[in-house]
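Quick note on numbering: the sequence shown equals residues 1 to 760 in UniProt numbering. Structure, as structure tokens:
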Amino acid sequence: MAPWRIRATMDEIDVARRYAGHPTIFSVRLHHGGQFTKFPGRKYIKGKQNYVDLLDIDTFSIHDIDEMMEELGHIDSDETLLYYHFLRPFGDLDFGLFALGSDQDVHHLGTYVANHKVIDVYIEHGKTNLHTYSMSPNPSKVKIVEIKEPPACSKQLFLEWNDSPIEHESVPDLTEVENDSHLDKEPSLVDHIEFEMNVENEDDYDGSGHNNGSGNDEFDDDSESEDSDFFIDEDNLIHDVDVDMKDFHMNIDKDVEWVGGSSESNVPEDTQQGDLEVINTEVLLSGSSSDEANDGKRRKTIRAIHRAYENDASLVSEPFYIFQTFSSSKDFKTQVKLHSIRTRREIQLEKNDKNRVRFVCKGTIPNLATNEEEKCPWVIYCSKWKRDIDWMVKTYTKEHRCLQTRKVKACDYKFLSEHIVQVIETNPKIPIRALREQLQREYQMDISHMKTFRAKQQALKHVQGDYASQYRLLRDYVLEVQARNPDTTVKIDVESEANPTVETRTFRRIYVCIGALKRGFAAGRRDFLGLDGAFVKGPYPGQVLSAVALDGNNGIYPLAYAVVESETLNSWTWFLSNLGDDLGLGTNSNFTFMSDRQKGLLPAIATLFPCAEHRYCLRHIHDNMKKNWRGKVFKDLLWECATTSNVQHFHQAMEKLKKLNNDAYEWLKQIPPQSWARSHFTGRAHCDALTNNLCEAFNSKIEDGRDAPIINCIEFISRDAHKNRIHYSKPDPIRNRIGSKPVLTKPDRIGFKTGFSIGS
Numbered sequence: 001m002a003p004w005r006i007r008a009t010m011d012e013i014d015v016a017r018r019y020a021g022h023p024t025i026f027s028v029r030l031h032h033g034g035q036f037t038k039f040p041g042r043k044y045i046k047g048k049q050n051y052v053d054l055l056d057i058d059t060f061s062i063h064d065i066d067e068m069m070e071e072l073g074h075i076d077s078d079e080t081l082l083y084y085h086f087l088r089p090f091g092d093l094d095f096g097l098f099a100l101g102s103d104q105d106v107h108h109l110g111t112y113v114a115n116h117k118v119i120d121v122y123i124e125h126g127k128t129n130l131h132t133y134s135m136s137p138n139p140s141k142v143k144i145v146e147i148k149e150p151p152a153c154s155k156q157l158f159l160e161w162n163d164s165p166i167e168h169e170s171v172p173d174l175t176e177v178e179n180d181s182h183l184d185k186e187p188s189l190v191d192h193i194e195f196e197m198n199v200e201n202e203d204d205y206d207g208s209g210h211n212n213g214s215g216n217d218e219f220d221d222d223s224e225s226e227d228s229d230f231f232i233d234e235d236n237l238i239h240d241v242d243v244d245m246k247d248f249h250m251n252i253d254k255d256v257e258w259v260g261g262s263s264e265s266n267v268p269e270d271t272q273q274g275d276l277e278v279i280n281t282e283v284l285l286s287g288s289s290s291d292e293a294n295d296g297k298r299r300k301t302i303r304a305i306h307r308a309y310e311n312d313a314s315l316v317s318e319p320f321y322i323f324q325t326f327s328s329s330k331d332f333k334t335q336v337k338l339h340s341i342r343t344r345r346e347i348q349l350e351k352n353d354k355n356r357v358r359f360v361c362k363g364t365i366p367n368l369a370t371n372e373e374e375k376c377p378w379v380i381y382c383s384k385w386k387r388d389i390d391w392m393v394k395t396y397t398k399e400h401r402c403l404q405t406r407k408v409k410a411c412d413y414k415f416l417s418e419h420i421v422q423v424i425e426t427n428p429k430i431p432i433r434a435l436r437e438q439l440q441r442e443y444q445m446d447i448s449h450m451k452t453f454r455a456k457q458q459a460l461k462h463v464q465g466d467y468a469s470q471y472r473l474l475r476d477y478v479l480e481v482q483a484r485n486p487d488t489t490v491k492i493d494v495e496s497e498a499n500p501t502v503e504t505r506t507f508r509r510i511y512v513c514i515g516a517l518k519r520g521f522a523a524g525r526r527d528f529l530g531l532d533g534a535f536v537k538g539p540y541p542g543q544v545l546s547a548v549a550l551d552g553n554n555g556i557y558p559l560a561y562a563v564v565e566s567e568t569l570n571s572w573t574w575f576l577s578n579l580g581d582d583l584g585l586g587t588n589s590n591f592t593f594m595s596d597r598q599k600g601l602l603p604a605i606a607t608l609f610p611c612a613e614h615r616y617c618l619r620h621i622h623d624n625m626k627k628n629w630r631g632k633v634f635k636d637l638l639w640e641c642a643t644t645s646n647v648q649h650f651h652q653a654m655e656k657l658k659k660l661n662n663d664a665y666e667w668l669k670q671i672p673p674q675s676w677a678r679s680h681f682t683g684r685a686h687c688d689a690l691t692n693n694l695c696e697a698f699n700s701k702i703e704d705g706r707d708a709p710i711i712n713c714i715e716f717i718s719r720d721a722h723k724n725r726i727h728y729s730k731p732d733p734i735r736n737r738i739g740s741k742p743v744l745t746k747p748d749r750i751g752f753k754t755g756f757s758i759g760s
């Protein structure tokens, strides 16, 4: 059986990788069942395409293509006429086609095999419209004559060099020897090439395998007694093909010889004299020891490639085969685990040591007749020698007779986490329910809600980094930020362990104020700051405290922030004291703060900045009011009281609220109007804002980073919030209420940069 194989239609093989190190092995892209269009712009239409792999140019011949066409169903009788052409690599169908009908044509094809592993071969059926056969680079110079000999002599082949042009009249002369019936037969399939049968006289042959005559090329028509001494193969007799040589000579430079071709001057003298060369067929059949060794190596190489080819073809359904190698036992176990999940089989580890690994299938086959369960025969065994590095599959039974299951032990949360990393990178907030449905639909298995949750957390840990490990890198990150951003203030507060001999400390809080933002605020100073806190999500919860200012364009200007354990008097006092040091605020500073009356913030401001003006967010006051008094009437009266521009109108609005509901009036009266009513503001801040929306807007921008590990969280706030995620409003001279205050430009506000790389 031929070593080549016709590739399946849906298979794809990387021949460059598969044939690496084998310069004689190649593949053929076979175009058949179609026909060529006219020149120019020639195309091959109405045809099919098949790949034939594992061809060896050293043993390749035209007969191999005959067998391919027969296997594809194009040869149904001996009279089938086919024409073979091959396309030069990187050539077109107009000028790149060459004949493929003789050994010289095969040799011409072989010159391309070393650098091009896929050769296009085109088939014409019945007749040809091309002139490639007249353009063959090396026309045959050998005449083949097979002589019938006495029984005591072995059959030999006489080869004679033919330097003269082939005469078309020689074929009719040969037909007179036997009969004229073979002229009606179609040309043979084997070789579509013109050659001349040269029949020698029996008297010139001495029966010893040597030629004694002069090699007369003429045939004696009158000597009928000699007809029986000659053997003429009528089935393989080839007729001349009528071609028009005008088109051939129009496209050829006569002064240039074909590459690989030979001129008459290069032919040896003894060859030009027409001497016959005798080749002993027995020697050809027996072969030498060196030829046998080379053939053995070639067959061994082809078998190895053929074995790898067969396993590549079935890699989707069966990824293992005998003598398959793995770089380590871990790689082998990973492949078996993946195979168990894809096939939904309960494959378990039976043996595992330094040199041997065995997996067996624990699936059972129910037997209804005996109510007994049989074991599945699937097994795979991989081992290595102690001195070797690679692991090799020694035993493999690929048959599964057990039932598939929807609960496979190998499909754990670690496996799922590795395969959902891209999903988590694209959508980190994907719901657990949606992710679970996606995994169940993909793997056709029962996956629990908890397993999906753990897989997502593991994938998030891979994408964002480990929460615990980043605390060990926090000090290095702080030093990197301070080195790249001059005048940056970063303070870390730690908590000592109960045991004083322990060198480690527990992280408690961190404060950050970027130097570029600090300088920008000092250049266009506006004595107004909004203070707020937001929750930090994740396994280590906490609070993000922020101080946001207004710039000259009435846009939000993040100034400082801190990650603390919770909103307490201690944490707010620590944050405000660090903020006062950076901004140069003292106890007598006439500054204005806006807050939501958070827990611990009011006494902290009263202690650190007793002269400062403290405003309360009106929206939060209304939220507290809605708990007892709902309705649009109460909301409108509250905003009317807050937006009045003088004290008289303020009292009038308060009287309206008193008439509507005296309890609501008494509740609102307990809140000092200097903290929420515009009519009682001092005006030192040059801002009449009633809500703390600037802090709320900032918290919404950093929402995606608040559930990240500590370094990622700080990096997100510092880089994205300050540079990319803040929308700046254009200056409006009519609405600008700061008078002669300078208007800041965008480059003055942005100067933060980091270069710290965090490993996961």
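The beta carbon of each residue, even a glycine, is placed where N, CA and C say it ideally should be. A quick note: this is a predicted structure, and the numbers were derived from the prediction, not measured.
Item: Could you check if Gln652 is buried or exposed, using at least 16 other CB atoms within 10 Å of its CB as the buried criterion?; Value: exposed
Item: Pull up the DSSP beta-bridge partners for Ser589, would you.; Value: Answer is none; Ser589 lacks a bridge partner.
Item: Determine the DSSP secondary structure at Arg5, reduced to helix, strand or coil.; Value: strand
Item: State the Cα-Cα distance for the pair Arg358 and His339, rounded to the nearest angstrom.; Value: 14 Å
Item: Comparing alpha-carbon positions, which option in Glu715, Trp574 and Arg619 lies nearest Gly600?; Value: Trp574
Item: Going straight from the alpha carbon of Leu531 to that of Lys626, what length do you get?; Value: 23 Å
Item: Roughly how many angstroms lie between the CA atoms of Val379 and Lys386, to the nearest whole one?; Value: 23 Å
Item: Do three or more CB pairs link the segment 508-523 to the segment 558-576 at distances below 8 Å?; Value: yes
Item: Going by DSSP, what residues sit across from Phe326 in a beta bridge?; Value: Trp391
Item: To the nearest angstrom, how far is the alpha carbon of Lys46 from that of Lys127?; Value: 16 Å
Item: Can you check which of these residues, Leu54, Thr37 and Arg42, is closest to Ile6 by C-alpha distance?; Value: Leu54
Item: Put Arg436 into one of helix, strand or coil per three-state DSSP.; Value: helix
Item: Within the continuous beta strand (DSSP E) that includes Gln543, where are the two ends?; Value: Gly542 to Leu550
Item: Could you tell me which of Asp581, Lys658, Leu690 and Phe609 sits nearest to Ala642, measuring between CA atoms?; Value: Leu690
Item: Could you work out which residue in Asn628, Asn554, Ile123 and Ala560 is closest to Ala547 when comparing CA atoms only?; Value: Ala560
Item: Counting pairs of beta carbons, one from the segment 397-413 and one from the segment 442-453, are three or more of them closer than 8 Å?; Value: yes
Item: Could you name the residues of the same chain whose beta carbon sits closer than 7 Å to that of Pro172, not counting the 5 residues immediately before and after it, in chain order?; Value: Only weak support is given to the placement of Pro172: the predicted model assigns it a pLDDT of 40, under 50, and the value that follows is read from those uncertain coordinates. Hits under 7 Å: none found.
Item: Inspect the beta-carbon positions of His32 and Lys43 and report whether they are closer than 8 Å.; Value: no
Item: For Lys407, list the residues DSSP reports as bridge partners.; Value: For Lys407, which the question treats as bridged, DSSP gives no partner whatsoever.
Item: Per DSSP, what kind of secondary structure is Tyr84 in: helix, strand or coil?; Value: strand
Item: Output the distance between the C-alpha atoms of Leu668 and Asn554, rounded to the nearest integer angstrom.; Value: 30 Å
Item: Do Ser27 and Val118 come within 8 Å of each other at the CB atom, strictly closer than that value?; Value: yes
Item: Under the assumption that Ser595 contacts Phe609 (Cβ atoms under 8 Å), give the Cβ distance between them as a whole number of angstroms.; Value: With a Cβ gap of about 12 Å, Ser595 and Phe609 do not count as contacting.
Item: Pair every Cβ in the segment 617-631 with every Cβ in the segment 676-695, then say whether three or more of these pairs are closer than 8 Å.; Value: yes
Item: Starting from the Cα of Phe591, find the closest Cα among Asn578, Asp353, Ile605 and Ala99 and give me that residue.; Value: Ile605
Item: Ile424 and Val544 look like a contact to me (Cβ under 8 Å); what is the Cβ gap, rounded to whole Å?; Value: At roughly 23 Å, the Cβ-Cβ gap does not stay under 8 Å, so Ile424 and Val544 are not in contact.
Item: Looking only at its own chain, which residues have a Cβ that is under 7 Å from the Cβ of Val377, when we skip the five neighbours before and after it?; Value: It should be pointed out that residue 377 corresponds to Pro in this sequence rather than to Val. Contacts found: Thr397, Glu399 and Arg401.
Item: Grouping DSSP H, G and I as helix and E and B as strand, with all else coil, what is Lys46?; Value: coil
Item: Just to check my reading of the structure: Ile420 and Arg436 have Cβ atoms closer than 8 Å, yes? What is that Cβ distance to the nearest angstrom?; Value: Not a contact, Cβ separation roughly 11 Å.
Item: How about Val481 and Val494: do their beta carbons lie closer than 8 Å?; Value: no
Item: Would you say residue 761 and Phe521 are within 8 Å of each other, going by their C-beta atoms?; Value: One cannot answer for residue 761 here, as it falls past the ends of the chain, which runs 1 to 760.
Item: In angstroms, rounded to a whole number, what distance separates the CA positions of Asn662 and Phe634?; Value: 12 Å
Item: Whole angstroms are fine: how far does the CA of Phe326 sit from the CA of Tyr83?; Value: 46 Å
Item: Does DSSP put Glu495 in a helix, a strand or coil?; Value: strand
Item: Nearest-angstrom Cα distance between Ser383 and Arg356?; Value: 4 Å
Item: So is Lys337 buried or exposed if we call it buried at 16+ other beta carbons inside 10 Å?; Value: buried
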